[in-house]
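Before any comments, here is the structure.
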Amino acid sequence: MARATAHPDHQCISSEDIHGTEVYGADGKNIGEIDHLIIDKVSGRVAYAVMSFGGFVGLGHSHYPIPWAALTYDTSLAGFRTSITEQQLKDAPEFSDDSWQDRDWETRTHRYYGMPTYWEGRGGL
């Protein structure tokens, strides 16, 4: 059971409960799960969900930050739905630990996924 179902009647959810929640593409196919969230320290908005996918028995998983605005919680799936495909994740702008300090990388990433930036429009909690 996805941890995001821990409190199905509540509007808010703990970041602990997001970890491991499945992510489904527009076709309903499972494309990964949420590993963790990235939160803007100044605004308090969720900026990214870092998705994990691929690998076998916990080995070889890849992690990809996607704009939080690219996800919509679907109660019927007890998970998140997105229009992002696995191939888009694989072809996304290269990510490194320094990317969080690079507004140009963030802008390119949001544009790549067709999402407004979290600092300019809908994009965070």
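For the sequence shown, the positions run 103 to 227 when the numbering used here is used. Glycine residues also receive a C-beta, built at the ideal position from the N, C-alpha and C atoms.
Unbroken stretches of the beta strand (DSSP E), 3 residues or longer, contained in the stretch 126-199
Scanning the stretch 126-199 for uninterrupted beta strand (DSSP E) segments of 3 residues or longer gives 132-141, 148-155, 164-169, 174-176, 181-183, listed from N- to C-terminal end.
Is it a yes or a no for the stretch 179-196 touching the stretch 138-146, going by three-plus beta-carbon pairs under 8 Å?
no
Measure the beta-carbon distance from residue 133 to residue 188 and round it to whole angstroms, keeping in mind my assumption that it falls under 8 Å.
Numbered from 1 along the sequence shown, position 31 holds the residue referred to as residue 133. Numbered from 1 along the sequence shown, position 86 holds the residue referred to as residue 188. Yes, residue 133 and residue 188 are in contact; Cβ-Cβ is about 5 Å, under 8 Å.
Residue 146 to residue 221 span [Cα, whole Å]
Within the sequence shown, numbered from 1, the residue matching residue 146 stands at position 44. Within the sequence shown, numbered from 1, the residue matching residue 221 stands at position 119. Rounded to whole angstroms, residue 146 to residue 221 spans 11 Å at the Cα level.
Relative to the C-alpha of residue 153, which residue among 143, 114, 172 is closest?
Stepping through the sequence shown from its first residue, residue 153 is reached at position 51. Nearest C-alpha to residue 153: 172.
According to DSSP, is residue 118 helix, strand or coil?
On the sequence shown, residue 118 is found 16 positions in, with the first residue counted as 1. DSSP places residue 118 in helix when its eight states are reduced to three.
So, are the CB atoms of residue 122 and residue 135 less than 7 Å apart?
By one-based count along the sequence shown, residue 122 stands at place 20. By one-based count along the sequence shown, residue 135 stands at place 33. Contact: yes.
Is DSSP giving residue 208 helix, strand or coil here?
The residue given as residue 208 occupies position 106 in the sequence shown. Residue state, collapsed to three classes: helix.
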